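Taking it in order: structure first as structure tokens, then the write-up.
In the working numbering, the protein residues as written are 706 to 977.
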């Protein structure tokens, strides 16, 4: 387990305090933590949280649930199929307001804690001719799996870059692990991924013999995104050498991750 993820999971021990009341209210039933795909950061982080809860709360069996990501997690919380979930702020705001993928079903979601910043990865490899966002025009691009916040943010980045997601590219909807394999096999030219550092699937791509990883800058698009969607995004950097073959800093758009629960969780439960 990498150092950053280990520290993050250690920090989530505090989640045992926040969620102790949940276990009591449910008479020691299982706690389902909605996470993400196995190739990202949500799943191992949720697994670490589940281990902490199961170890320190007698009679509790917490499990990390593999999902499509933030949008799926919010829907699971709304339908009471998961008690808590890891999500991105922009997806949570959409759910709360009944916008975008939640037009038909608002989710009365509340934040339990702020976790860590999620970094926008626009991933390609040498030989595709892609060095900037405008180069995605005419290319085969994965914008994330259906039901993921990667897809939500990818659409906003593409829009801010002056591109049409449906007309200017051939679009696939793959998770980060599937996107990595598709890029290795040259079935796509680039993919979007919003996750923590480092993301295992991106590391795997960079370490693949004969492949030279390239990351495309997106930081300059944050102002346009914030002007339309609210002050949800900030500028950040994926430092050089974060991934094998990454020789330069990657200037990116950033969004925060939060741990959420349904609003009907009693306030005392959340704070106890």
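Cβ coordinates follow ideal geometry from the N, Cα and C atoms, glycine included.
Being a predicted model, the structure only gives us computed values, none of them experimental.
In terms of CA proximity to residue 959, 930 leads the group 930, 834, 952 and 815. The beta-bridge partner set that DSSP reports for residue 769 consists of 738.
Contact between residue 841 and residue 895 holds: their C-beta atoms lie close to 6 angstroms from each other, under 8 angstroms. Per the C-alpha coordinates, the member of 941, 893, 782 and 813 positioned closest to residue 821 is 941.
By the criterion of at least three beta-carbon pairs nearer than 8 angstroms, the region 795-805 is not in contact with the region 750-764.
The DSSP assignment places complete alpha helix (DSSP H) segments of no fewer than 4 residues inside the region 783-841 at 794-802, in order along the chain. Counting along the chain, residue 879 sits inside no beta strand (DSSP E), nor does DSSP assign it H or E at all. When the five nearest sequence neighbours on each side are left out, the beta carbons in the same chain lying within less than 7 angstroms of the beta carbon of residue 855 are those of 774, 849, 897, 898 and 899, in order along the chain.
C-alpha of residue 788 to C-alpha of residue 937: approximately 25 angstroms in a straight line. The region 874-891 makes no contact with the region 949-967; the number of CB pairs closer than 8 angstroms stays below 3.
831 is the residue among 816, 972 and 831 whose C-alpha sits nearest the C-alpha of residue 913.
For the region 837-872, the continuous beta strand (DSSP E) assignments of 3+ residues that do not extend past its boundaries occur at 845-847, in sequence order. For residue 863, same chain residues with a beta-carbon under 7 angstroms away, outside a window of 5 residues either side, are 870 in chain order. In this structure, residue 778 sits near residue 790, with a CB-CB distance shorter than 7 angstroms.
In the three-state reduction of the DSSP assignment, residue 939 falls in the strand class. Non-local beta-carbon contacts of residue 868 in its own chain, meaning distances under 8 angstroms to residues more than five positions away in sequence, involve 838, 839, 841, 842 and 874 in chain order.
Per DSSP, reduced to three states, the secondary structure at residue 910 is helical. Counting only the Cα atoms, residue 816 lies some 21 angstroms from residue 756.
Its Cα nearest to that of residue 751, the residue 770 stands out among 744, 735, 770 and 759. For residue 761, there is no enclosing beta strand (DSSP E); the residue is part of the alpha helix (DSSP H) that begins and ends at 747-761. In the structure shown, residue 776 falls within a helical segment according to DSSP collapsed to helix, strand and coil.
Annotated as distal: residue 736 and residue 824, with beta-carbon spacing of 7 angstroms or more.
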